[in-house]
Amino acid sequence: DAGVIQSPRHEVTEMGQEVTLRCKPISGHNSLFWYRQTMMRGLELLIYFNNNVPIDDSGMPEDRFSAKMPNASFSTLKIQPSEPRDSAVYFCASRQTNTEAFFGQGTRLTVV
Amino acid sequence: GQQVMQIPQYQHVQEGEDFTTYCNSSTTLSNIQWYKQRPGGHPVFLIQLVKSGEVKKQKRLTFQFGEAKKNSSLHITATQTTDVGTYFCAGQEGGKLIFGQGTELSVKP
Chain A
8 DAGVIQSPRH EVTEMGQEVT LRCKPISGHN SLFWYRQTMM RGLELLIYFN
58 NNVPIDDSGM PEDRFSAKMP NASFSTLKIQ PSEPRDSAVY FCASRQTNTE
108 AFFGQGTRLT VV
Chain B
140 GQQVMQIPQY QHVQEGEDFT TYCNSSTTLS NIQWYKQRPG GHPVFLIQLV
190 KSGEVKKQKR LTFQFGEAKK NSSLHITATQ TTDVGTYFCA GQEGGKLIFG
240 QGTELSVKP
């Protein structure tokens with residue numbers, strides 16, 4: 008398996024634009040996580056899916072953020088409209104329940 | 140909800156010195172995991188501790204899980220420059236993984 012695949016690796020966008028981050032988890036994993044990493048806040052859990060169902064989205068900062076997992080092999084995190092304070096590295100991770108999490112390479116988002 | 144606190148935030152050591160990072164949870168953990176993130180990289184799993192009082196070793200790394208399952212530590216003996224990075228603990232709440240703030244380790248040759 009190629010591991011967790013995220014795209015794009017880098018995204019630079021203007022304030023107010025819509026941004027979509029994509030993630031392909033490892034085949035067979037039943038849990039998927041979206042994290043945001045910044046110097047100030049560290050690794051924040053945004054949302055957690057289990058068997059493609061959103062279980063906990065309490066970490067999603069506001070209504071501008073939304074996430075979907077239409078099937079077991081794909082998830083998206085959308086920010087609309089984007090703001091400069093959304094600039095961060097966004098990681099997707101997947102795992103089988105109660106085992107180790109595998110992280111993707113991350114998407115470095117810069118909103119100008 | 141669960142909070143996972145980690146100290147120190149930064150640690151600068153001379154190569155060959157020891158290093159320890161501590162992790163504390165506001166609630167009892169079912170298990171705890173440790174990850175390492177190299178500069179510019181992504182977190183990579185190191186180990187999982189499940190049992191109260193458990194101690195596990197990986198070469199120069201020693202991991203401990205507290206008796207009350209609310210705290211944990213990672214100790215590195217005789218650090219090397221390859222140990223540079225940020226070390227995270229992660230506690231499990233339900234199916235979620237909650238990460239501590241991490242300890243950034245720098246090693247001076």
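Chains A and B, in that order, are what the protein sequence lines are.
Using this note's numbering, you'd call the opening residue of the first sequence number 8 and step up by one each time.
Using this note's numbering, you'd call the opening residue of the second sequence number 140 and step up by one each time.
We put the CB at the ideal spot given by N, CA and C, even for glycine.
None of these values were measured; they are calculated from a predicted model.
Open item on the list: Distance check for A:PRO68 and A:PRO91, CA to CA, integer angstroms please.
Closed with: Counting from 1 along the first sequence, the entry for residue 91 of chain A is found at position 84. Counting from 1 along the first sequence, the entry for residue 68 of chain A is found at position 61. Those two C-alpha atoms are separated by around 14 angstroms.
TODO: Can you tell me which of A:PHE110, A:SER34, A:ARG16 and A:PRO32 puts its alpha carbon nearest to the alpha carbon of A:VAL26?
DONE: Mapped onto the first sequence, residue 26 of chain A falls at position 19. Ranking A:PHE110, A:SER34, A:ARG16 and A:PRO32 by Cα distance to A:VAL26 puts A:ARG16 first.
Task: Short CB-CB distance (under 7 angstroms) between A:ASP63 and chain B - done: For the purposes of this step, residue 63 of chain A is taken as the residue at position 56 of the first sequence. A:ASP63 counts as touching chain B.
Open item on the list: Going by DSSP in three states, A:ASP64 sits in which element: helix, strand or coil?
Closed with: Residue mapping note: residue 64 of chain A aligns to position 57 of the first sequence, counting from 1. If DSSP states are grouped into helix, strand and coil, A:ASP64 belongs with coil.
Task: Within chain B, partners of A:GLU69 - CB distance below 9 angstroms - done: Within the first sequence, residue 69 of chain A is the residue found at index 62, counting from 1. The premise fails here: A:GLU69 is roughly 18 angstroms from chain B at the closest Cβ pair, so nothing lies under 9 angstroms.
Open item on the list: Looking at the strands, I want to know which residues DSSP matches up with A:MET47.
Closed with: On the first sequence, position 40 is the one that residue 47 of chain A refers to. Answer is none; A:MET47 lacks a bridge partner.
Open item on the list: Quick check: the Cα distance between A:GLN103 and A:LEU50, rounded to an integer number of angstroms?
Closed with: Numbered from 1 along the first sequence, position 96 holds the residue referred to as residue 103 of chain A. Numbered from 1 along the first sequence, position 43 holds the residue referred to as residue 50 of chain A. The alpha-carbon atoms of A:GLN103 and A:LEU50 are separated by roughly 20 angstroms.
- [ ] Classify B:THR160 as buried or exposed, calling it buried when 16 or more other Cβ atoms lie within 10 Å of its own Cβ.
- [x] Position 21 of the second sequence, counted from the start, is the residue given in the question as residue 160 of chain B. B:THR160 is buried by the Cβ-count criterion.
Task: Supposed close pair A:GLN44, A:VAL96 - CB separation, criterion 8 angstroms - done: Taking the first residue of the first sequence as position 1, residue 44 of chain A is located at position 37. Taking the first residue of the first sequence as position 1, residue 96 of chain A is located at position 89. Contact flag correct, Cβ pair sits at about 5 angstroms.
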